[in-house]
Structure formats: structure tokens, C-alpha cells
Amino acid sequence: MRIFGKGTITTNILLTLALTIICVMGGSAALQLTILRQNLEDIFRNNTGIQTSIITTQMFGAVKWKKPEILNSNFEKISVLSEGDLAAALVLDSKDQPLLVKTYHPVSGFTEGALLEVLQNPDQRTQATQIETADWIAFLNPVINPDIPDSPAAGYMALVWDKDHINQLILKNIFTQAGFVLLVMVLSHVAIFLTLRQQVVRPITLMLEGGLSEVAEKLQSTAKLIKESAHKSSSVADNNRDLVASVLQNSRKANLYVSQVANATEELSNSIEEINRNSTEAANVSRVVQDMTQQAENRVATLLHSVEQIQEAVKMIGQIADQTNLLALNATIEAARAGEDGRGFAIVAGEVKNLAHETAVTTQTITNLIQDVRNASDKAAFDIRQISKQIVSVSDYSTMIASAINEQGSATAEISHNISLANGNTNDVTLRIEEVESSSMHINSVSHEVLKASVELEQQSRNLSSEISNFMRKIKG
């Protein structure tokens, strides 16, 4: 039974070979295109998902404190750095009020209102959700404090990523594969046609010579363009890999610096506690010394009172001595009048006078000494009062210092807590950047594979052009 009708064995073999080549090339092209498309889309989806998660974490403060200008500025920078991949950003606060609704460049099939309606639906935002179309992909995430995962959401964020770059790369591969399949089909049909209709070889040769040469030239030109694009993609991938590596290194350095600051803050907190303890002890000692100074001042006041009483007694003794001296003088005069009979009395009166004089001198000396004691006591009382005032000032300053140090201790504790949170955030950012680095390395590997495939395609296009030339020479001969 003849499969291809009444044709010869050669014809049947050629037809079978042509159909086999067409089926193999078509199946291989379709399979390679499907796998490549899936890989590129998975890489793009994974990479943008990680970037969205990192951005959501870093924007927590701006969302919590409702800073749309900061959000817009950061998203504009991200859109520029991503070469237009970030197309739009929608941010709601915890009360479903829009903080930012901004489109950075239009994307086919995307409207802000439709996505905003989805974002405001509570059923759609309980966890991270993604919406994907042929032209864009959107990630919807609740904005949660990374250090308190169970805390209520401070808001909700949706980032829209343009799939134009990935679609262009996939489209170039579709054109390349379709060109190969079409070229093989054309060559196969030409070979079969020339074999079955040798009488029209010359006209067909004249007709196909220009067409096949033009096809080969266009295929070679397309291969060169694909190779150039692959070179650029590979260069961009290398730059991204180096950039991510640099960011990862700086993130690790920042993590180290934050850890060092945390340790220094802890040491500062310990020092402040020690100073606070010493200030409290100094204030207590100042109060004790103040009490002792008050007691000393009271004792000096008592001493001054005693000195005044002594001074009054000495004054009285002086008056008695003056009276005694006056009486002795009168007795001497009376003894002189008595003559020989009053001589013994005159001697006694003289002795009494001498004793009264010595008593007066001694009393004056005691008065002078008491005055010196009084002056010294007054000065001591004045000095003690001054010391008491200084001690009160020192006590007040110690109390103020202790209070200020307590406030500094509270501020330092708050700083230490914030630094601990920052340390946790830097650790989380480092982990996420490591994930981005892994994705970048995967993208870099795929880019190099595409570059390698484009080089092989260019070589195959040259070989095909040479084969077409040989084929045309043969059918002409």
C-alpha cells in the first residue's frame, strides 16, 4: 500500500523526510519556546514578588505616619531604577483612605479604579495576593510592622509591574523559532517540488534564487539583532548581579554597624545607670551633711548664747571689783586718819585694793577673750550658714542631675529598643537581598544561555546561507 499515492520510492522518501523534519522542528521549537517562556515568566514573577515584599517592608514607616510625598518620591526612584518595570502604585491607610494612587507610565489593560476597587475589598487583602494579565502583574500586600508580625496592618499596598520587557524577549524567540520552522518547510517543499517536477527546474531556480537569498540575509540580520540584544541583556544582568552584590555587601556592613551601635548603646545605658546610682548616693550624702551642718549651726548658736551669759557674769564681777577697789580706797583713807591704831587696817585695805585691781585686770582679760570667742563663733556661724547654703545647692544640683540622668536613661532605653528593631530590620533586608541576589544570579545564567543560543543561531544562519548557496548551485547545474 502506497502512503503518498502513485509517487516513486524516492518521492515517498523525500516526502517522509520533509514531514519528519517539519514535525521535529515544529515540536522542538514549540517545546523550547514553552519552557523558555515559563522560565522567564517564573523568574520575572519571583523577582518582582520579592521586590514588592521588600518595598512593602521598607515603606511601613511612611504608610504608618501617612507620608504620601515620601511614598511617591521612593516609587519614582524605583520606577527609574527598574527601567520602567514599576508601572503604578496604590497605597491605602488603615482606614481604607487612599494615600497614593499614581501611574508612572500607562500599561495596556490597566486602570487605577479597577485595582483600587479590588484593594478596598477586605476579602482580597487578608494576605499577599497577586493579579496577573498578559501585559502586567500586580502584587497586593498588607503593610505590617516587620518586628511585630501579629500587629494590625498600618495600610495596604498594591504595586503594578509592566511585563513589556519579558514579553519582548519571548516575542523575539517566537519570531526566531517561527523563522526556522518556516525556512525548513519552504526548503522541504522546494526539494519535493524540484524532485517531482524536474522539467520546471530552471524557472523555479530563477524564481527562488532571489527569494531564498533574501530570506537567508534577513535571517542572518535577525540573528545579529538577537545577538546584540542578548549581549545587552547579558551586560545588564552582569551589572545587576554586581549591583546586588554591592548592595548585599553594604547591607552586611550596615548590619555590622547597627550591631556595634547596639553594643555601644547598651554600654552607654549601663554607664548612665552607674552615674544615676552615684548621683543618688551623692544627693543622699548631701542631705546627711546638710542635717549635720544644721546641727552644728544650732550648737554654735547655743555657744553664742552661753558666751553672752558669761560676758554678763564677767561684767558683774568687774562692777564688784570696782566697788571693792572704791571701798578699799575709803578704808585706806579712814586708816590714815586713825593714825597708829589704823595702821594694820590700812595694810589690809591695801591688800584688798591690790586684789581688786588684779581682779579688774583679770576681768578685762576675760572680757577680751570672751569677745574673741564671740567673734570666732560669729564667723564660724556665718561660715556654717554659707556651707549649708552651698550644700543645699549641691543637693539641688544632685537631684536635678539624677532627674536628668533618669530621663536620659529612659531615652537611651528607647534608643536601644529602636536600634534593636533596626538591627532586626537590617537582618531581614539582608536575607531578602540575598534572595534577590540568588534570583539575579539565575537571571544572569539565563541571560548567558540566551547569549550562547543567539551566537549559535547566528552561526546556524551563516551555515544555512551557505547551504542555500550550495543548493542553488546544485539545482542550477
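In this note's numbering, the protein residues as written are 8 to 484.
Quick reminder that beta carbons are idealized off the backbone N, C-alpha and C, glycines included.
Quick caveat: nothing in here was measured; it's all calculated off a predicted structure.
Between Ile144 and the set Lys74, Gln104, Glu48, Asn79, the nearest pair of CA atoms involves Glu48. Between the C-alpha atoms of Arg294 and Gln301 there is a straight-line separation of about 11 Å. Between Ala165 and Leu122, the CB-CB gap stays under 7 Å.
Going by DSSP, Val108 is part of the beta strand (DSSP E) stretching over 105-110. The count of Cβ pairs closer than 8 Å, one atom from the segment 60-76 and one from the segment 148-163, reaches three, so the stretches are in contact. Between Leu106 and Glu76, the alpha-carbon positions lie close to 9 Å from each other.
Contact between the segment 88-95 and the segment 149-157 is absent, with fewer than three C-beta pairs closer than 8 Å.
Membership of Ala161 in any beta strand (DSSP E) is not indicated, and neither H nor E is assigned to it by DSSP. Judged by beta-carbon spacing, Val114 lies within the 7 Å limit of Asp169, meaning their Cβ atoms are closer than that value.
When Cβ pairs closer than 8 Å are counted between the two stretches, the segment 348-361 is seen to touch the segment 330-340, the count reaching three or more. Distance from the CA of Ile282 to the CA of Met407, rounded to the nearest whole angstrom, comes to 13 Å. Check the Cα spacing between Ala383 and each of Glu319, Ala308, Ala343: the tightest is with Ala308. Closest in alpha carbon position to Arg381, among His312, Leu190, Gln466, is His312. If you keep only unbroken beta strand (DSSP E) runs of at least 3 residues inside the segment 268-338, you get nothing at all. Secondary structure at Phe67: helix, using DSSP grouped into helix, strand and coil. Thr370 counts as buried, since at least 16 other C-beta atoms from the protein chains shown sit within 10 angstroms of its C-beta.
Taking the C-beta atoms as reference points, Glu463 is found no nearer than 7 Å to Ile57.
DSSP lists Ile144 as the bridge partner or partners of Glu139. For the pair Leu88 and Thr27, the Cα-to-Cα distance works out to about 48 Å.
For the pair Tyr111 and Ser86, the CB atoms are nearer than the 7 Å cut-off. Between the alpha carbons of Phe182 and Val125 lies a gap of roughly 37 Å. In the three-state reduction of the DSSP assignment, Asp154 falls in the coil class. Boundaries of the beta strand (DSSP E) around Val98: 93-100. Contact annotation: Val314 and Ile354 have beta-carbon atoms that are not nearer than 7 Å.
For Val167, the beta-bridge partners assigned by DSSP are Ala95, Ala145. With contacts defined as CB atoms closer than 7 Å, Val321 and Thr374 qualify as a contacting pair.
Val462 sits in a helix when the DSSP states are folded into three classes.
Minimum Cα-Cα distance from Gln175 among the listed residues Gln127, Lys260, Phe51 corresponds to Phe51. Rounded to the nearest angstrom, the Cβ distance from Gln137 to Phe146 is 5 Å, consistent with a contact under 8 Å. In this chain, the alpha helix (DSSP H) harbouring Ser86 covers 75-88. Distance from the CA of Gln466 to the CA of Glu139, rounded to the nearest whole angstrom, comes to 37 Å. With 16 or more other Cβ atoms inside 10 Å of its own Cβ, Asn54 counts as buried. Sorting Gln45, Arg469, Ser410 by C-alpha distance to the C-alpha of Thr287 places Ser410 at the top. One Cα belongs to Ser101, the other to Thr63, and the distance between them is close to 14 Å. For Thr59 and Glu280, the gap between their C-alpha atoms comes out near 43 Å. Residue range 119-126 is occupied by the alpha helix (DSSP H) that includes Val125.
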